[in-house]
Amino acid sequence: MGPMFFVMAILGCGDGSEQCTDARVIPVRYSTMAACRAALPEQIARNTDVPYPVIGADCRRAGVQMADASKVKPRG
12 MGPMFFVMAI LGCGDGSEQC TDARVIPVRY STMAACRAAL PEQIARNTDV PYPVIGADCR
72 RAGVQMADAS KVKPRG
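If you number the sequence shown the way the working numbering does, the last residue is 87 and the count never jumps.
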């Protein structure tokens, strides 16, 4: 089982920051959500070439994630 890490997606949005779609995923792995969020301004500045009127970014979990079976409620 591999570790969990965070990646950053650069988003391209229409006017008014609506209807955003992934334009690219930055090939950098961050060990914490805080580290990823701290890098947001720098990565947005480096990725202004996406063909959208508005760009943004989002940090997301990646890697292996395990469910905690003790928190699952049985159906019935």
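Built from N, CA and C at the ideal position, the CB exists for glycine as well.
The C-beta distance from residue 58 to residue 35 rounds to 7 angstroms, short enough to meet the 8 angstroms contact threshold. Inter-residue distance for residue 65 and residue 51 is about 15 angstroms (C-alpha atoms, whole angstroms). Nearest in C-alpha terms to residue 16, of all of 33, 23, 40, is 40. Judged by beta-carbon spacing, residue 22 lies within the 8 angstroms limit of residue 69, meaning their Cβ atoms are closer than that value.
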